[in-house]
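Peer 1: Each number in the numbering used here corresponds to the 1-based position in the sequence shown with 229 added. One structure follows; several queries about it will come next.
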Amino acid sequence: MESKAKVKSRIFKPKQSKVADGCLRVGVFSKEFCPMNGSRLPLVRAINEDDEHGCRKVKDASFEQEILLTPSDNSEPCASQPMRSLTVEEYAKAFKSFLEHSTEHQCMEQFNEEQLPSIVDGLGNGKSTINVLGVGSGTGEQDLKMIRIIQAKHPGALIKNEIIEPNPQHILAYKDAVRNSDLKNVSFTWHQLTSMEYEKQVTEQSPKKKYDFIHLIQMLYRVENIASTIKFFHSCLNSYAKLLIIILSGNSGWAAMWKKYRHCLPPTDCGHYITADDVKVILEGMGLEYQIYEFPSDWDITECFTDGDTIGGHTLDFLTGTKDFMNTAPHGLKQSLRQALGQPECSSKKDGRIVFRNDLSMIVVNS
């Protein structure tokens, strides 16, 4: 991939914050994204004077917002049965297909090569031990690559690497990867916990353990309170430390698709429709300094336009978070969504293939 990352660096001064005690006082994010759990709460958005939807209004301490009870007039009607969200096993199968047909890992590798060395260069300010925390690290593939980069920038330093990962199979695979590696001068500690369980555990401890580098890679979609999670892990940083958040870009095809179709899809288990644009709202509300590195990533979704294609079925399942979307979605919804996926805001055509924009944002937050 020859595309260069676009780097943006902004500093924000603390002000009257939209974030109070780690939680957004308003349930509305930019571009009409809402961090609420779709299975528990309806979606919310800021009031539009031209809105003619049936709705009821509720009062917030600082503004009015409306809870939409019906989809917009120009969108497909919401579907219920027999559509359902993916189980953990079904998601893993669809995700495997996604990785095989996308450049997500290559995108992260490009970030590791071009930007991460300078980001981790000043960690610890010369300390002999560097404490690293990976949250939702999965099988550890990205963790081990980042550890090697940290070692290269801090030769001789002991790296104490802690991992928060709720999936026991992922932990076993991570441990196997460590055993088969040639890493030296690195210790590993695994916590089979969710980030929320870890937060509760650490909050009860005194003093709170601090880290020199914390990374949250593609995991904020699954936490219960995004703002609270970011605030907590930022509070776990030492001086001269960094918090790395990797998440879908607000310019990705996902953002365009979610904006129109999220209300027509089965609610996920504590899943959020969130992009880097929404994370920026939180960081700016906290008055934190951050830098953004934008990296392009592609996903070949050509087969999802062919009925009965196995790869295409996995593609649509992962895109929509729905089990067997190709065969269970109403015909009108399937046709409309496919049409939207082929539009420029979601994808482009390359060598006769339809390539979805899976662009990522790497957000680095200073301590």
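Even glycine gets a Cβ: it sits at the ideal position worked out from N, Cα and C.
#1: Please state if the CB of residue 313 and the CB of residue 495 are separated by a distance shorter than 7 Å.
#2: If contact is defined by three or more beta carbon pairs under 8 Å, each pair taking one atom from either stretch, is the region 439–448 in contact with the region 472–481?
#3: Which whole runs of the alpha helix (DSSP H) in the region 419–476 are 4 residues long or more, in chain order?
#4: What does DSSP give as the partner residue(s) for residue 225 in the beta ladder?
#5: Provide the residue span of the beta strand (DSSP E) that contains residue 535, from first to last.
#6: Within the region 352–393, note down every full alpha helix (DSSP H) run reaching 4 residues or more, in order along the chain.
#7: Sort 335, 366, 408 and 412 by Cα distance to residue 378 and report the nearest one.
#8: Looking only at DSSP bridge pairs, what is residue 591 linked to?
#9: How would you label residue 414, buried or exposed, when you count the other beta carbons within 10 angstroms and need 16 or more for buried?
#10: Looking at the unbroken beta strand (DSSP E) that takes in residue 576, where does it start and where does it end?
#11: Please state whether DSSP places residue 481 in a helix, a strand or coil.
#12: Can you tell which of 590, 581, 514 and 555 has its C-alpha closest to the C-alpha of residue 337?
#13: Does the region 520–530 come close enough to the region 572–587 that 3 or more CB-CB pairs lie under 8 Å?
#14: Can you give the Cα-Cα distance for residue 427 and residue 534, rounded to whole angstroms?
#15: Rounded to a whole number of angstroms, what is the C-alpha to C-alpha distance between residue 359 and residue 556?
#16: Are the beta-carbon atoms belonging to residue 538 and residue 323 less than 7 Å from one another?
#17: So which of 448, 383 and 455 has the shortest CA-CA distance to residue 510?
#18: Restricting to Cα atoms, I'd like to know which of 398, 357 and 382 is closest to residue 368.
#19: Which of the three DSSP states, helix, strand or coil, is assigned to residue 573?
#20: Taking the straight line between their C-alpha atoms, what separation do you get for residue 327 and residue 451?
#21: Please state whether the Cβ-Cβ distance between residue 552 and residue 352 is less than 7 Å.
#22: So the candidates are 453, 330, 334 and 354; which of them puts its Cα closest to the Cα of residue 470?
#23: I need the straight-line Cα distance from residue 487 to residue 532, nearest angstrom please.
#24: Per DSSP, which residues does residue 417 bridge with? Please list them.
#25: Could you tell me which residues DSSP pairs with residue 331 in its beta bridges?
#26: Give every residue of the same chain whose Cβ lies closer than 7 Å to the Cβ of residue 334, excluding the five residues on either side of it in the sequence, and list them in chain order.
#27: Going by C-alpha distance, which of 421, 569 and 504 is nearest residue 484?
#28: Report the rounded CA-to-CA distance for residue 544 versus residue 318, giving the unit in angstroms.
#29: Pick from 331, 423 and 392: whose alpha carbon is nearest that of residue 440?
#30: Work out the CA separation of residue 457 and residue 524 for me, nearest whole Å.
#31: Just mark residue 611 as buried or exposed, buried being the case when its beta carbon has 16 or more other beta carbons within 10 Å.
#32: What residue range is occupied by the uninterrupted alpha helix (DSSP H) comprising residue 396?
#33: Is it the case that the Cβ atoms of residue 502 and residue 566 are separated by a distance below 7 Å?
#34: Quick one: residues in its chain with C-beta nearer than 6 Å to the C-beta of residue 512, no 5 flanking neighbours on either side, listed in chain order?
Peer 2: Judging by the given coordinates:
#1: On the sequence shown, residue 495 is found 266 positions in, with the first residue counted as 1. On the sequence shown, residue 313 is found 84 positions in, with the first residue counted as 1. Yes, the pair counts as a contact, with Cβ atoms nearer than the cut-off.
#2: yes
#3: 424–432 and 455–464
#4: Examination of residue 225 is not possible in this model, given that the chain is present from 230 through 596 alone.
#5: Reading the sequence shown from its first residue, position 306 is the one you call residue 535. From DSSP, residue 535 is part of no beta strand (DSSP E); its letter is neither H nor E.
#6: 370–382
#7: Here residue 378 refers to the residue found at position 149 when the sequence shown is read from its first residue. Among 335, 366, 408 and 412, the Cα nearest to that of residue 378 is on 412.
#8: As a working note, residue 591 is residue 362 in the sequence shown. BP columns for residue 591 point to 475 and 522.
#9: As a first step, residue 414 must be located in the sequence shown, where it is residue number 185. Per the 10 Å Cβ criterion, exposed.
#10: Along the sequence shown, read from residue 1 onward, the residue named residue 576 stands at position 347. Where residue 576 is concerned, the enclosing beta strand (DSSP E) stretches over 576–579.
#11: The sequence position of residue 481 within the sequence shown is 252, counting from 1. It is coil, neither helix nor strand.
#12: Here residue 337 refers to the residue found at position 108 when the sequence shown is read from its first residue. Measuring from the Cα of residue 337, the nearest candidate turns out to be 590.
#13: yes
#14: In the sequence shown, the residue the question calls residue 427 occupies position 198. In the sequence shown, the residue the question calls residue 534 occupies position 305. Those two C-alpha atoms are separated by around 42 Å.
#15: Your numbering for residue 359 matches position 130 in the sequence shown. Your numbering for residue 556 matches position 327 in the sequence shown. Rounded to whole angstroms, residue 359 to residue 556 spans 51 Å at the Cα level.
#16: Here residue 538 corresponds to residue number 309 of the sequence shown, with the count starting at 1. Here residue 323 corresponds to residue number 94 of the sequence shown, with the count starting at 1. Going by C-beta atoms, residue 538 is not nearer than 7 Å to residue 323.
#17: As a position in the sequence shown, residue 510 is number 281, starting the count at 1. Shortest Cα-Cα distance from residue 510 to any of 448, 383 and 455 involves 455.
#18: Indexing the sequence shown from 1 puts residue 368 at position 139. That would be 398, whose Cα lies nearest to the Cα of residue 368.
#19: Along the sequence shown, read from residue 1 onward, the residue named residue 573 stands at position 344. Reduced to three states, the DSSP call for residue 573 is coil.
#20: The count along the sequence shown starts at 1 and reaches residue 327 at position 98. The count along the sequence shown starts at 1 and reaches residue 451 at position 222. Those two C-alpha atoms are separated by around 18 Å.
#21: One-based indexing of the sequence shown puts residue 552 at position 323. One-based indexing of the sequence shown puts residue 352 at position 123. No, they are not a contact pair.
#22: Taking the sequence shown and counting its residues from 1, the one referred to as residue 470 is at position 241. Residue 354 is the option with its Cα nearest to residue 470.
#23: Here residue 487 corresponds to residue number 258 of the sequence shown, with the count starting at 1. Here residue 532 corresponds to residue number 303 of the sequence shown, with the count starting at 1. Their backbone Cα atoms lie some 20 Å apart in a straight line.
#24: Mapped onto the sequence shown, residue 417 falls at position 188. Note: residue 417 sits in a beta bridge opposite 390.
#25: Residue numbering aside, residue 331 sits at position 102 when the sequence shown is read from its first letter. Note: residue 331 sits in a beta bridge opposite 528.
#26: Reading the sequence shown from its first residue, position 105 is the one you call residue 334. Hits under 7 Å: 328.
#27: Locating residue 484 in the sequence shown gives position 255, counting from the first residue. Out of 421, 569 and 504, 504 has the C-alpha closest to the C-alpha of residue 484.
#28: For the purposes of this step, residue 544 is taken as residue 315 along the sequence shown, with counting starting at 1. For the purposes of this step, residue 318 is taken as residue 89 along the sequence shown, with counting starting at 1. Roughly 15 Å between the two C-alpha positions.
#29: Within the sequence shown, the letter at position 211 stands for residue 440. Looking only at 331, 423 and 392, the smallest Cα-Cα distance to residue 440 is reached by 392.
#30: Your numbering for residue 524 matches position 295 in the sequence shown. Your numbering for residue 457 matches position 228 in the sequence shown. Distance between the alpha carbons of residue 524 and residue 457 is about 26 Å.
#31: The requested residue 611 is not part of the displayed model; the chain covers only 230 to 596.
#32: Within the sequence shown, numbered from 1, the residue matching residue 396 stands at position 167. Taken as a continuous stretch (DSSP letters only), residue 396 belongs to no alpha helix (DSSP H), as it is neither H nor E.
#33: Start at 1 with the first residue of the sequence shown, and residue 502 comes out as number 273. Start at 1 with the first residue of the sequence shown, and residue 566 comes out as number 337. No; because the gap between Cβ atoms is not below 7 Å, this pair is not in contact.
#34: Locating residue 512 in the sequence shown gives position 283, counting from the first residue. Hits under 6 Å: 519.
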